[in-house]
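**Student:**
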Amino acid sequence: MKSALFFLAICGLWAQSRALGPVPRYEVRRAKWPIAIDGKLDDAAWRDARRIEFQFPWEQQTGAKQKTLARLLWDDRYLYAGYECEDTDIVAHYTTRDDPTYKDDAVEIFINPDPAQNNFYYGLEMNARAVLYDYFYVFPKLLLKRIDFTGVHLAVHRRGTLNQTGDVDEGWSLEVAIPWANFEELAKKLPPDPGSVWTANLNRWDGTEPNRRLSLWSDSGLDRPHPHNPDRFGQLVFVNYR
Ligand SMILES: [Ca+2]
Ligand SMILES: [Ca+2]
Numbered sequence: 001m002k003s004a005l006f007f008l009a010i011c012g013l014w015a016q017s018r019a020l021g022p023v024p025r026y027e028v029r030r031a032k033w034p035i036a037i038d039g040k041l042d043d044a045a046w047r048d049a050r051r052i053e054f055q056f057p058w059e060q061q062t063g064a065k066q067k068t069l070a071r072l073l074w075d076d077r078y079l080y081a082g083y084e085c086e087d088t089d090i091v092a093h094y095t096t097r098d099d100p101t102y103k104d105d106a107v108e109i110f111i112n113p114d115p116a117q118n119n120f121y122y123g124l125e126m127n128a129r130a131v132l133y134d135y136f137y138v139f140p141k142l143l144l145k146r147i148d149f150t151g152v153h154l155a156v157h158r159r160g161t162l163n164q165t166g167d168v169d170e171g172w173s174l175e176v177a178i179p180w181a182n183f184e185e186l187a188k189k190l191p192p193d194p195g196s197v198w199t200a201n202l203n204r205w206d207g208t209e210p211n212r213r214l215s216l217w218s219d220s221g222l223d224r225p226h227p228h229n230p231d232r233f234g235q236l237v238f239v240n241y242r
């Protein structure tokens with residue numbers, strides 16, 4: 001009886017599952033020009049970086065599926081991430097480092113510099129006020145938020161009002177520059193040699209409870225809207241050309 005129930009449970013899980021393709025791959029190009037971290041992705045260097053459009057894998061999420069585009073670049077000092085978020089109502093309340101910024105309008109990057117393992121990775125979760133929540137995740141058991149990245153430059157540019165409902169906002173964008181040294185315990189070489197592959201995911205939480213949408217680069221493959229699954233991180237390939 002027990003095994004029959006188990007079999008039915010497995011069938012149920014399969015019935016809900018989405019078809020998952022291979023994880024995506026992204027070429028991280030070298031920045032040709034300096035990037036001013038002001039939240040605006042209008043620097044010349046960003047023009048060379050391909051845009052990732054986030055997907056919405058969870059049909060149970062209702063509400064507007066607002067578009068997010070993300071780009072990555074690198075240079076001798078930093079890994080850069082830039083996000084452009086369409087958003088008709090920008091909401092963010094948390095103001096202090098390591099607050100749960102993912103409960104606000106927020107974007108995230110999870111980074112594993114050593115894809116030979118997928119037991120741990122770094123996370124940076126940043127809200128529309130440019131507040132950073134950063135941690136090292138011993139997946140899935142222990143999230144060490146007392147780990148603080150050093151030397152991170154982070155800025156947001158908002159096209160609209162913050163925490164004011166009743167008007168219509170356009171959106172917000174975010175730039176972050178992460179010094180390479182923060183990855184030194186897991187990375188083979190910094191900056192990574194051309195051709196090196198790290199794994200990562202990029203995510204966005206849009207809106208606040210009870211009606212939020214999670215969109216992301218690589219589908220985490222989980223039944224409920226949830227971004228943490230290092231088995232499904234996409235591949236970042238570092239290249240030396242611009
Ligand atoms: Ca800029
Ligand atoms: Ca921290």
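Each residue of the sequence shown is one higher than the one before, counting from 1 in the numbering used here.
Just so you know, even glycine gets a beta-carbon here, dropped at the ideal spot from N, CA and C.
#1: Among the candidates Arg242, Phe149, Ala130, whose CA atom is the shortest distance from the CA of Lys40?
#2: Which whole runs of the alpha helix (DSSP H) in the stretch 30–109 are 4 residues long or more, in chain order?
#3: Kindly indicate the opening and closing residues of the beta strand (DSSP E) around Asn127.
#4: Less than 7 angstroms between the CB of Lys145 and some heavy atom of ligand 2, yes or no?
#5: From the DSSP output, which residues share a beta bridge with Arg25?
#6: May I ask which residues mark the beginning and end of the beta strand (DSSP E) holding His153?
#7: With burial defined as no fewer than 16 other Cβ atoms inside 10 Å of the residue's Cβ, what is the status of Tyr137: buried or exposed?
#8: Please list, in chain order, all residues of the same chain as Thr165 whose beta carbon is under 7 angstroms from its beta carbon, the five residues on each side excluded.
#9: Taking Cβ to Cβ, would you say Leu79 is nearer than 8 angstroms to Ile178?
#10: Restricting to Cα atoms, I'd like to know which of Ser215, Arg204, Glu184, Gly21 is closest to Arg77.
#11: Who are the near neighbours of Met1 in its chain, counting only those whose CB is closer than 8 angstroms to its CB and skipping five residues on each side?
#12: Any heavy atom of ligand 1 within a distance shorter than 7 angstroms of the CB on Leu41?
#13: If you draw a straight line from the alpha carbon of Asp38 to that of His153, how long is it in whole angstroms?
#14: Taking all protein chains shown into account, decide if Pro113 is buried (16 or more other Cβ within 10 angstroms of its Cβ) or exposed.
#15: Helix, strand or coil for Ala181? Go by DSSP, reduced to three states.
#16: So does Asp114 have its beta carbon nearer than 7 angstroms to some heavy atom of ligand 2?
#17: If you measure between the beta carbons of Cys85 and Arg204, is that distance less than 8 angstroms?
#18: Can you list, in chain order, the residues of its chain whose CB lies under 6 angstroms from that of Pro24, leaving out five sequence neighbours each side?
#19: Does the structure place the stretch 59–68 close enough to the stretch 114–133 that three or more beta carbon pairs sit under 8 angstroms?
#20: Tell me, please, which residues DSSP counts as bridged to Arg224.
#21: What separation, rounded to the nearest whole angstrom, lies between the Cα atoms of Glu175 and Thr95?
#22: With distances taken between CB atoms, is the gap from Asp48 to Gln66 smaller than 8 angstroms?
**Tutor:** If we stick to the structure as given:
#1: Ala130
#2: none
#3: 120–127
#4: yes
#5: Gln235
#6: 153–159
#7: buried
#8: Asp89
#9: yes
#10: Glu184
#11: Bear in mind that a pLDDT of 45 at Met1, under 50, signals an unreliable position, so the number given afterwards is only what the model happens to contain. Result list for Met1: empty, nothing under 8 angstroms.
#12: yes
#13: 9 angstroms
#14: buried
#15: helix
#16: no
#17: yes
#18: Ser218, Gly234
#19: no
#20: Answer is none; Arg224 lacks a bridge partner.
#21: 17 angstroms
#22: no
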